[in-house]
Ligand SMILES: NC(=O)c1ccc[n+]([C@@H]2O[C@H](COP(=O)([O-])OP(=O)(O)OC[C@H]3O[C@@H](n4cnc5c(N)ncnc54)[C@H](OP(=O)(O)O)[C@@H]3O)[C@@H](O)[C@H]2O)c1
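In our numbering, the protein residues as written are 4 to 263.
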């Protein structure tokens with residue numbers, strides 16, 4: 004299937020690790036040029052070098068915190084200059100905030116909302132003039148099934164992701180007049196560096212591979228996802244083949260959620 008991604012220009016926030024790195028890799032393998040960002044510069048530059056080496060595409064990398072609006076504006080402007088325009092924005096940066104209502108720190112919760120809801124808003128504001136110029140413009144928000152399925156140990160995450168899903172839907176309506184497609188991907192459990200810290204909350208004495216087995220027990224497919232599986236769906240939604248999909252919220256969870 005020709006995805007029509009050759010020569011497209013994509014931003015992937017949180018592209019230094021896990022799902023974001025896999026998405027950047029997949030899009031670059033399909034022929035897109037990529038701009039990635041993350042806070043930690045060392046891992047970001049390592050990821051950028053890997054992407055250049057494996058895909059021979061133009062890879063721009065800049066370290067920043069996506070909750071800082073002026074840094075986001077600077078990043079998008081430089082990325083557009085470096086890549087010669089922008090067609091695709093993947094809002095992916097984020098880390099899990101664990102805890103029940105009585106456990107979660109309120110400032111940590113506020114920060115989570117900044118990263119998961121306001122940072123995508125900053126990115127979309129900055130990228131909009133470029134997407135309006137594109138003939139295949141796409142915004143893909145990496146959310147989570149916890150925004151649709153109440154998850155008591157993730158009250159901040161669940162609440163903030165529900166807001167993100169509302170935003171995704173309304174935004175798709177607002178931007179349809181420009182032909183900009185806006186969709187949400189909601190992963191279940193995916194192997195990534197994020198679990199290194201999350202396991203401390205859920206099961207500090209368990210090895211990560213054992214923990215993956217434990218969380219797989221409730222999943223009909225009997226395993227957690229690979230980041231590359233989220234990347235494959237992302238590439239499809241970014242492609243010309245997904246031209247009639249907007250406002251969608253797509254779970255990719257091995258059957259974990261049971262709602263209809
Ligand atoms: N893994 C899962 O099971 C799972 C399930 C559902 C949803 N998700 C969602 O998928 C997305 C990616 O998760 P992941 O598992 O791949 O996590 P990860 O391995 O921890 O990677 C997160 C990425 O985001 C960057 N990042 C985090 N906060 C940032 C900030 N304030 N500014 C800029 N960059 C930031 C990180 O780099 P720095 O730390 O260096 O900034 C890193 O590149 C997240 O939004 C997460 O909520 C993951």
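The beta-carbon is built from N, C-alpha and C at its ideal position, and this holds for glycine as well.
Item                                                                                                                                  : Value
Residue range of the beta strand (DSSP E) that includes residue 189                                                                   : 184 to 190
Cα-Cα separation, residue 60 to residue 175                                                                                           : 30 Å
Own chain partners of residue 219 with C-beta closer than 7 Å, once the 5 adjacent residues on each side are dropped                  : 225, 226, 227
Identified DSSP bridge partners for residue 16                                                                                        : 40
Contained alpha helix (DSSP H) runs [length at least 4] in the region 45 to 118, N- to C-terminal order                               : 72 to 86, 109 to 116
Other residues of its chain near residue 107: CB distance less than 7 Å, five sequence neighbours each side excluded                  : 100, 158, 159
Contact set for residue 168: own chain, Cβ-Cβ below 8 Å, skip 5 residues either direction                                             : 146, 150, 151, 187, 189, 252
Residue 251 - DSSP class collapsed to helix/strand/coil                                                                               : coil
Ligand 1 heavy atom lying under 7 Å from the CB of residue 177                                                                        : no
Boundaries (first-last residue) of the alpha helix (DSSP H) holding residue 127                                                       : 122 to 136
Close-in-space but distant-in-sequence residues of the same chain around residue 236 (CB under 8 Å, 5 per side omitted)               : 188, 253, 255
Simplified DSSP state of residue 157, which is helix, strand or coil                                                                  : strand
Residue 42 Cβ short of 7 Å to ligand 1 heavy atom set                                                                                 : yes
6 Å Cβ shell around residue 13 - same chain, five flanking residues per side excluded                                                 : 30, 35, 37, 91
Nearest-angstrom Cα separation, counted from residue 143 out to residue 184                                                           : 8 Å
Contact test: residue 46 Cβ vs ligand 1 heavy atom, cutoff 7 Å                                                                        : yes
Residue 83 versus residue 109: straight-line alpha-carbon distance, rounded                                                           : 36 Å
Assigned secondary structure, residue 275 (DSSP; H/G/I helix, E/B strand, else coil)                                                  : Outside the shown range of the chain, which is 4 to 263, sits residue 275, and nothing can be said about it.
Bounding residues of the alpha helix (DSSP H) (the contiguous stretch that carries residue 23)                                        : 21 to 32
Contacts around residue 93, its chain only, beta-carbon distance under 6 Å, and the 5 residues preceding and following it disregarded : 15, 26, 143
Candidates 257, 119, 18, 261: closest to residue 229 by CA position                                                                   : 257
Per-residue burial, residue 128 [other beta carbons within 10 Å of its own, 16 or more giving buried]                                 : exposed
Cβ-based burial, residue 118 [other Cβ within 10 Å; buried from 16]                                                                   : buried
Residue 247 versus residue 140: straight-line alpha-carbon distance, rounded                                                          : 12 Å
Rounded Cβ spacing between residue 193 and residue 22 (contact assumed at less than 8 Å)                                              : 6 Å
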